[in-house]
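Student:
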Amino acid sequence: MNYYDETAEGYEELHKKEQLNKIKIILENLKIEKTDKLLDIGCGMGFLFDFAECDFIGIDPSKKLIEKSRHKDKILLGNAEKLPFKDNEFDVIVSITAIHNFDNIEQSLKEMKRVLRDKGKIAITVLKKSKKSNDIEKLLNKYFKINTVIDEGMDLVYFGEK
Numbered sequence: 214m215n216y217y218d219e220t221a222e223g224y225e226e227l228h229k230k231e232q233l234n235k236i237k238i239i240l241e242n243l244k245i246e247k248t249d250k251l252l253d254i255g256c257g258m259g260f261l262f263d264f265a266e267c268d269f270i271g272i273d274p275s276k277k278l279i280e281k282s283r284h285k286d287k288i289l290l291g292n293a294e295k296l297p298f299k300d301n302e303f304d305v306i307v308s309i310t311a312i313h314n315f316d317n318i319e320q321s322l323k324e325m326k327r328v329l330r331d332k333g334k335i336a337i338t339v340l341k342k343s344k345k346s347n348d349i350e351k352l353l354n355k356y357f358k359i360n361t362v363i364d365e366g367m368d369l370v371y372f373g374e375k
């Protein structure tokens, strides 16, 4: 059982407010069209989906968080290192405060790049206090063209494209 399965019962109370702040920053800075197809990796309960006005799907490794979601029909159980999607399937990829928990960060970024369409956009938040934050920033710059970084307080929000 992982941390998120163990904390699923109180997850919304613990994390929703901080997640909503990051979602607000993402939506203010990432132009998402109604025709876009969006993938949220490590989506947890899918808080972003309450605001998404496009075709969306999420993936998360926590079965218990998915079960608690109002959007469980749009969330797959899985992980970022092996995305069950076709090449070039998504216009937008979002990952909010999840990447530092991935088992293999570089492999997950390769997978994101694989499933993102040409000129596709990303918004990835990285927990500033994570010991992996510098390595994650280097890898983000290796696999994507990062054009904006916003300091949210707890996280850095990276915006870029394929």
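In terms of this note's numbering, the sequence shown is residues 214 to 375.
A virtual CB, placed ideally from N, CA and C, is assigned to each residue, including glycine.
Find out if the Cβ-Cβ distance for the pair residue 272, residue 307 is shorter than 9 Å.
Tutor: For the purposes of this step, residue 272 is identified with residue 59 of the sequence shown, where counting begins at 1. For the purposes of this step, residue 307 is identified with residue 94 of the sequence shown, where counting begins at 1. Not closer than 9 Å, so no.
Student: Please list the terminal residues of the continuous alpha helix (DSSP H) segment that includes residue 354.
Tutor: Walking along the sequence shown from the start, residue 354 turns up at place 141. First-last of the alpha helix (DSSP H) with residue 354: 346–356.
Student: Which first and last residues belong to the beta strand (DSSP E) in which residue 332 is found?
Tutor: Sequence index remark: in the sequence shown, residue 332 carries index 119 (1-based). Segment 329–340, the beta strand (DSSP E) holding residue 332.
Student: Please determine, among 341, 357 and 337, the residue with the shortest C-alpha to C-alpha distance to residue 371.
Tutor: Within the sequence shown, the letter at position 158 stands for residue 371. Checking every option, the nearest Cα to that of residue 371 belongs to 337.
Student: If we require 3 or more residues per run, which beta strand (DSSP E) segments fall completely within the stretch 275–301?
Tutor: Counting whole runs of 3 or more residues, the stretch 275–301 contains the beta strand (DSSP E) stretches 288–290.
Student: To which residues does DSSP link residue 361 through a beta bridge?
Tutor: Within the sequence shown, numbered from 1, the residue matching residue 361 stands at position 148. For residue 361, which the question treats as bridged, DSSP gives the partners 372.
Student: Count the other C-beta atoms from every protein chain shown that fall within 10 angstroms of the C-beta of residue 256, then say buried if there are 16 or more, exposed otherwise.
Tutor: Here the question's residue 256 lines up with position 43 in the sequence shown. Buried, because 16 or more other Cβ atoms sit within 10 Å of the Cβ of residue 256.
Student: Would you say the stretch 346–361 touches the stretch 274–291, given that touching needs at least three Cβ pairs under 8 Å?
Tutor: As far as the Cβ criterion goes, the stretch 346–361 does not touch the stretch 274–291, which means the pair count is below three.
Student: Within its chain, find whatever has a CB closer than 8 Å to the CB of residue 287; leave out the 5 residues flanking it on each side and keep chain order.
Tutor: In the sequence shown, counting from the first residue as 1, residue 287 sits at position 74. Hits under 8 Å: 259, 262, 269, 270 and 271.
Student: What is the residue span of the beta strand (DSSP E) that residue 250 lies within?
Tutor: By one-based count along the sequence shown, residue 250 stands at place 37. Element bounds for residue 250: 250–254.
Student: Out of curiosity, what's the CA-to-CA distance linking residue 234 and residue 291?
Tutor: Here the question's residue 234 lines up with position 21 in the sequence shown. Here the question's residue 291 lines up with position 78 in the sequence shown. Each residue's Cα considered, the two are about 25 Å apart.
Student: Once DSSP output is grouped into helix, strand and coil, what is the label at residue 396?
Tutor: Residue numbering for the chain in the displayed model covers 214 to 375; residue 396 lies beyond these limits and cannot be assessed.
Student: Classify residue 356 as buried or exposed, calling it buried when 16 or more other Cβ atoms lie within 10 Å of its own Cβ.
Tutor: As a position in the sequence shown, residue 356 is number 143, starting the count at 1. Under this definition residue 356 is a buried residue.
Student: Within 10 angstroms of the Cβ of residue 248, are there 16 or more other Cβ atoms? Answer buried if so, exposed if not.
Tutor: Numbered from its first residue, the sequence shown carries residue 248 at position 35. Exposed, since its Cβ has fewer than 16 Cβ neighbours within 10 Å.
Student: To the nearest angstrom, how far is it from the Cα of residue 344 to the Cα of residue 313?
Tutor: Here residue 344 is taken as the residue at index 131 of the sequence shown, counted from 1. Here residue 313 is taken as the residue at index 100 of the sequence shown, counted from 1. Taking the straight line joining both Cα atoms gives about 9 Å.
Student: For residue 262, write down the residues that DSSP places opposite it in a beta bridge.
Tutor: To locate residue 262, count along the sequence shown from 1; it is residue 49. Looking at the DSSP assignment, residue 262 forms no beta bridge with any residue, so it has no partner.
Student: To the nearest angstrom, report how far apart residue 367 and residue 300 are at their CA atoms.
Tutor: In the sequence shown, the residue the question calls residue 367 occupies position 154. In the sequence shown, the residue the question calls residue 300 occupies position 87. Spanning the two alpha carbons is a distance of roughly 32 Å.
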